[in-house]
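In case it helps, full-length UniProt numbering puts the sequence shown at residues 1 to 178. Reading through the structure tokens given below for one structure.
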Amino acid sequence: MLAVLDRLLMPNYLLSALQVINIQPGESAQLLHHDDGFYPIPRPRAPLAAATIWAIDDFTADNGATVVVPGSHRWGRRRPGPHDQRLPVVMPAGSCVFFVGTLWHGGGANTTSRDRLAVTAQYCQPWLRPMEAYTLSVPREIARSVSDDIRRMLGYSIHPPFVGAVDGLHPLRLLEEP
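As structure tokens, this is what we get:
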């Protein structure tokens, strides 16, 4: 997955959000949306963000599988209409779907008697503000213990020449302090 992100986004891309998604029995379909809609940059545009959804349970058309609108990542200001194709992402537990932040999608309705669990990891360009400030929310002792790639995605990185600096210095120096 990181190899795809390495090609799609600029070096030092950031983890923007990491969330559990639980679609419960009887839940109606989520409104269609695109994940980078809060960045006020007109569409169509180069990717600002990307998302992965990892299936903890099987995704079926009946239990709330994510629904995507094919080709919508290329649209300008257009919103999905009633005649646009909508496809459920049917996949077994352990699978993952990857898409750019401009793709219109939403959780489907769960008409079964069981929860549908997933984990989503969302990423953004290194010059954008992520949804979660991981340099503040992840304790430093944990940040010190993870791999260089994860540490970079948490925000202990610089986008040249100095985006992400702390007092004019590289944020990794914060992990050297007691």
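Don't be surprised by glycine CBs; every beta carbon is placed ideally from N, CA and C.
With A143 as the anchor, note down where its alpha helix (DSSP H) starts and where it stops.
Bounds of the alpha helix (DSSP H) holding A143 are R140 to S145.
Closest residue to T52 among S137, P80 and C124 (Cα-Cα distance):
Comparing Cα-Cα distances from T52 to each of S137, P80 and C124, the minimum goes to C124.
Can P47 and V100 be called in contact, C-beta distance under 8 Å?
Contact: yes.
Please classify V20: does DSSP put it in a helix, a strand, or coil?
V20: strand per DSSP, three-state reduction.
Top-ranked residue by Cα proximity to S145, from V68, A65, L172 and L18
Nearest C-alpha to S145 among V68, A65, L172 and L18: L172.
Looking at A65: is its Cβ nearer than 8 Å to the Cβ of P88?
Yes, they are a contact pair.
Going along the chain, which residues of its own chain have a beta-carbon closer than 7 Å to the beta-carbon of P82, five neighbours each way excluded?
For P82, there are no CB contacts under 7 Å within the same chain when 5 residues up- and downstream are skipped.
Sequence-distant residues of its chain with Cβ nearer than 7 Å to Q24 (five each side left out):
In chain order, N110 and D115 place their CB closer than 7 Å to the CB of Q24, counting only its own chain and leaving out the 5 sequence neighbours on each side.
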